[in-house]
Amino acid sequence: MGYVLNFYREPSFRRIETEFGITRPEIVTLIVLNYREGVTASDICEFSGHLKANISRGILALEKKGLLRREADAADRRRQFLFMTEAGRALYARYIPMLREREKAMLACLTAAERRSFERILDKLAAHVPDWAAAGEL
Numbered sequence: 001m002g003y004v005l006n007f008y009r010e011p012s013f014r015r016i017e018t019e020f021g022i023t024r025p026e027i028v029t030l031i032v033l034n035y036r037e038g039v040t041a042s043d044i045c046e047f048s049g050h051l052k053a054n055i056s057r058g059i060l061a062l063e064k065k066g067l068l069r070r071e072a073d074a075a076d077r078r079r080q081f082l083f084m085t086e087a088g089r090a091l092y093a094r095y096i097p098m099l100r101e102r103e104k105a106m107l108a109c110l111t112a113a114e115r116r117s118f119e120r121i122l123d124k125l126a127a128h129v130p131d132w133a134a135a136g137e138l
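In terms of the UniProt record's numbering, the sequence shown is residues 1 to 138.
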């Protein structure tokens, strides 16, 4: 899985970094916020596997660039919820087609039925993550 994923993710992220001037933690943060706004930096770390320090730097950079905004939790002012700005949405809309095209090229060898099966298997694996991820490290 890692072998295939590296050929998808690495060239894609390098291209986005070069063409759009954002880092991997920034890319990942915008991807997460596109699907679920109002999350925290910790939520993004949990989703992406990136270190908190890297995601925090990415969030600061995105905020300085006007691509996201924060709202403090009324119950706990230390906790910050993150939201994409219109500029963040516009940037995301510019780079996500590149990722989708790369994914399409990667899956081109599969038939339609195989793609549906593959998506069901990925969904099943994703749903199972909480059961095994907390089991400990190697």
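Built from N, CA and C at the ideal position, the CB exists for glycine as well.
If you drop the 5 nearest sequence neighbours on each side, which residues of the same chain put their C-beta closer than 6 Å to that of residue i?
i	result
Asn6	none
Gly38	Phe81
Tyr92	Leu30, Asn34
Arg24	Phe13
Tell me whether the beta-carbon of residue i lies closer than 7 Å to the beta-carbon of residue j.
i	j	result
Glu26	Gly58	yes
Gly66	Thr40	no
Could you check how far apart the C-beta atoms of residue i and residue j are, in whole angstroms? I think they sit under 8 Å.
i	j	result
Arg102	Tyr3	Actually they do not touch by this definition, with Cβ atoms about 15 Å apart.
Ile22	Val32	Rounded, the Cβ-Cβ distance is 14 Å, inconsistent with contact.
Touch check for the stretch 11 to 19 and the stretch 72 to 83: three-plus C-beta pairs under 8 Å? The stretch 11 to 19 is not in contact with the stretch 72 to 83.
Length-filtered (3 minimum) beta strand (DSSP E) runs lying within the stretch 13 to 73: Within the stretch 13 to 73, the complete beta strand (DSSP E) runs of at least 3 residues fall at 68 to 72.
Contiguous alpha helix (DSSP H) assignments of at least 4 residues, all confined to the stretch 76 to 113: Uninterrupted alpha helix (DSSP H) stretches at least 4 residues long and entirely within the stretch 76 to 113 occur at 86 to 107, given in chain order.
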